[in-house]
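No gaps in the numbering here: position 176 of the sequence shown is 166 in our numbering, and each next residue is one more. Below you'll find the structure, written out as structure tokens, and then a few comments.
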Amino acid sequence: MRLTFIRHGETKGNLEGRYVGRTDEPLCDKGRENLLARKARGEYPPEPQMVFVSPLQRCRQSAEIIYPNAEPFPVSEFVECDFGDFEMKNYDELSGDPAYQEWIDSGGTAPFPNGESMDQVKTRVLRGFYRALEQMGGKDACFVVHGGTIMAILSIIVGGEFYERRLANGECVTVHVSVPNRKCL
């Protein structure tokens, strides 16, 4: 199967360098324009057989721009990481916060204060990914989701470190995978 992962377009919070997790922020004008430009340049594969999205509007809006004729399938487990106390804050606002420094010193593996840990994100996202695989039945698919969602899935199915799989807004990556025996899921 061919699986394409596309990170949603920019939001105002993304442009300001904020930790935009569970906040249901829409795409900004620049985000829409960048997605349309990438699409015009042929950066996205043609209309896939299935499109899965996070239920948050920035992902749904991105999928609509990239694949206007596709019916998106929302997967609740694909929401972005719960950044807890860091939600909608940027580096400047968090600089000097001991909890933020502790998170930085952990290499991003410590749980966000009042939020999720990397392991919790991976567990949740993979649960949704396996459900999506069941729905796909061997068809090619596209996932228009969040950066954290993509990093969680790719770090497991492709391997490597979580943060090695970071994509810019609107960027995509395609992988080819064999579906394991259903009993393995």
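Heads up, the beta-carbon is just placed ideally off N, CA and C, and yes, glycines get one too. In this text the structure is predicted, and so the values were computed from the model without any measurement.
Problem set entry | Own chain residues within Cβ distance below 6 Å of Lys112, not counting five before or after | Here the question's residue 112 lines up with position 122 in the sequence shown. Ala142, listed in sequence order.
Exercise. What residue range is occupied by the uninterrupted alpha helix (DSSP H) comprising Pro62?
Worked result: Here residue 62 corresponds to residue number 72 of the sequence shown, with the count starting at 1. Per DSSP, Pro62 belongs to no alpha helix (DSSP H); it is in the beta strand (DSSP E), Pro62 to Pro64.
For this session: Give the range of the beta strand (DSSP E) segment to which Asn40 is assigned.
Result: Translated into positions along the sequence shown, residue 40 becomes position 50. Per the sequence shown, the amino acid found at residue 40 is Met instead of Asn. Looking at the DSSP string, the run of the beta strand (DSSP E) that includes Met40 is Met40 to Val43.
Exercise. Quick one: Cα of Ala60 to Cα of Glu15, how far?
Worked result: The sequence position of residue 60 within the sequence shown is 70, counting from 1. The sequence position of residue 15 within the sequence shown is 25, counting from 1. Each residue's alpha carbon lies about 22 Å from the other.
Exercise. Grouping DSSP H, G and I as helix and E and B as strand, with all else coil, what is Met(-9)?
Worked result: Position 1 of the sequence shown, counted from the first residue, corresponds to residue -9. Three-state result, Met(-9): coil.
Problem set entry | Residue range of the beta strand (DSSP E) that includes Ala131 | The residue labelled residue 131 in the question sits at position 141 within the sequence shown. Start and end: Ala131 to Val135.
For this session: Give the single residue among Asn80, Glu77, Gly137 and Trp93 whose Cα lies nearest to the Cα of Arg48.
Result: The residue labelled residue 48 in the question sits at position 58 within the sequence shown. The shortest Cα separation from Arg48 among Asn80, Glu77, Gly137 and Trp93 belongs to Gly137.
Exercise. Helix or strand or just coil, what does DSSP make of Cys49?
Worked result: For the purposes of this step, residue 49 is taken as the residue at position 59 of the sequence shown. Three-state DSSP puts Cys49 in a helix.
Problem set entry | Alpha-carbon to alpha-carbon, Cys162 and Arg50 | For this step, residue 50 is matched to residue 60 along the sequence shown. For this step, residue 162 is matched to residue 172 along the sequence shown. Rounded to the nearest angstrom, the two C-alpha atoms are 16 Å apart.
For this session: Could I get the ranges of all uninterrupted alpha helix (DSSP H) runs contained in the stretch 68 to 128, with 4 residues as the minimum, in chain order?
Result: 81 to 84, 88 to 95 and 108 to 126
For this session: Decide if the stretch 118 to 127 is in contact with the stretch 17 to 31; the criterion is three or more beta carbon pairs, one per stretch, under 8 Å apart.
Result: Touching, no.
Exercise. With a cut-off of 8 Å, do at least 3 Cβ pairs link the stretch 97 to 109 to the stretch 126 to 135?
Worked result: With the rule of 3 Cβ pairs closer than 8 Å, the stretch 97 to 109 does not count as touching the stretch 126 to 135.
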